[in-house]
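Quick note, the sequences are listed as chains A and B, same order. For the first sequence, this note's numbering assigns the number 1 to the initial residue and increments by one for each residue that follows. For the second sequence, this note's numbering assigns the number 1001 to the initial residue and increments by one for each residue that follows.
2 protein chains.
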Amino acid sequence: MTIRQKLSMDPQAADVRTNDLEDLVGYNLKRAYVILSADFKRTLGEDGFAPRVFSALSLIVQYPDITQSELARMLGIERSGLVAIVDQLEQRGFVQRNAVPGDRRVQALMATGDGCAAYEQARASVEAHEEKLLSHMTPRDVETLLGLLRKIREIEE
Amino acid sequence: MTIRQKLSMDPQAADVRTNDLEDLVGYNLKRAYVILSADFKRTLGEDGFAPRVFSALSLIVQYPDITQSELARMLGIERSGLVAIVDQLEQRGFVQRNAVPGDRRVQALMATGDGCAAYEQARASVEAHEEKLLSHMTPRDVETLLGLLRKIREIEE
DNA sequence: TATTGTTATACTCTATAACTATA
DNA sequence: TATAGTTATAGAGTATAACAATA
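Spelled out as structure tokens, the structure:
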């Protein structure tokens, strides 16, 4: 039976939720992430931050003098991928690369006043939009979801 | 205070879980998805299926004679992106594009015997690996997680 | 020898716009 | 006019490998 035949017989029968993929955690994670990701892009707009740039700035603000290697490890990405991100933040005047007296290989990252202000504004905006997007779920649902997602991350620690 | 100062004082204080990002659903979805995605790639190996190719084959097997437009809609991607996916499945002899008598614009997609067999094997493998990966969570936790992830998708329906 | 930051490079995923043939 | 499939193209995002400077 084709999906169109199913649909013409009984709309419920072809519900997206009845297929194999819907039982896979990976598939459902991807679909949910796509929705949150699109909302993030709408939220921060054209000249805002890409998700990973926002994440990097967030950690630089919260952990002053963090190095790029530490930052890459915390974000779960490669060191090489961080260069362009920090370049962008530096060009916009949000982050500085500072020399470290003890070790001339590393450069300590520090958010500027502008960087901190931009971050706080972006964070508030993202949180508000996320809350609005998920307003059909209870705060308890969202907390449960966050707990379960963090539990998945225990795997690679 | 720098993260290294924090670490030298009190390892708990710099726990990854204590920063702003950990409260964002989008960030946690991304991190969890990266873990599941890497597991998927390990599972299906070099000459296996990419996630989206697997997903497409899954729906073609389950909904014989589905069209590419229907498939794209179900997968939440653009029609244009599906061409290469179906090309690949067709070249490997897993899927056929068949003409439809009533409408010469559309091509009905049908899985071959090889395609069905390859899909069943891949599905069993993915499910087994996913179960193993998430073995530190209870079946109830996983069910709860799936329910909450599907709830997020209600947004765009 | 190992590590930090960096560059070059390539590959995957995806969207947009335009085209064609059909309806 | 609208739709199905297709092509071309471009832009994210990311990983790998190699390199120079430094430890």
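From the three backbone atoms N, C-alpha and C, an ideal C-beta is built for every residue, glycine too.
- Not flagged as an interface residue toward chain A: Arg-1104/B, since no C-beta distance is shorter than 8 Å.
- The beta-carbon separation of Val-95/A and Ile-60/A, rounded to 6 Å, stays under the 8 Å limit for a contact.
- Taking a contact to require three or more Cβ pairs closer than 8 Å, the segment 28-42 of chain A and the segment 1024-1031 of chain B qualify as touching.
- A residue is called buried once 16 or more other Cβ atoms fall within 10 Å of its Cβ, and Arg-104/A, having fewer, is exposed.
- Residue burial annotation: Gln-1121/B is exposed, with fewer than 16 other C-beta atoms found within 10 angstroms of its C-beta.
- Straight-line spacing of the CA atoms in Gly-1076/B and Ile-1152/B works out to 14 Å.
- From the beta-carbon of Ser-55/A, the residues of chain B found nearer than 7 Å are Leu-1021 and Tyr-1027.
- Per DSSP, the continuous alpha helix (DSSP H) segment holding Asn-1028/B begins and ends at 1025-1044.
- A residue is called buried when at least 16 other Cβ atoms come within 10 angstroms of its Cβ; Ser-1080/B does not meet this threshold and is exposed.
- Any Cβ of chain A closer than 8 Å to the Cβ of Thr-1138/B would place that residue at the interface, and such an atom is absent.
- About 7 Å separates the beta carbon of Gln-1068/B from that of Gln-1107/B, a gap short enough to meet the 8 Å contact definition.
- Contact check for Leu-148/A against Val-142/A fails: the beta carbons are separated by 8 Å or more.
- Asn-1028/B has its alpha-carbon roughly 38 Å from the corresponding atom of Gly-1093/B.
- At least 8 Å separates the CB of Ala-128/A from every CB of chain B.
- Around the Cβ of Gly-113/A, a 10 Å sphere holds fewer than 16 other Cβ atoms; the residue is exposed.
- Apart from sequence neighbours up to five positions away, the residues of its chain that approach Pro-1051/B with a beta-carbon distance below 6 Å are Phe-1040, ordered along the chain.
- Looking at the DSSP output, Gln-1107/B shares a beta bridge with Ala-1099/B.
- Proximity of chain B to Glu-156/A at the Cβ level (cut-off 7 Å) is accounted for by Ile-1035, in chain order.
- With the criterion set as a beta carbon lying under 8 Å from some beta carbon of chain B, the members of the segment 40-51 of chain A are Phe-40 and Pro-51, in sequence order.
- Inter-residue distance for Tyr-119/A and Arg-31/A is about 27 Å (C-alpha atoms, whole angstroms).
- Residue contact with chain B for Ser-69/A: absent (no Cβ-Cβ distance below 8 Å to any residue of chain B).
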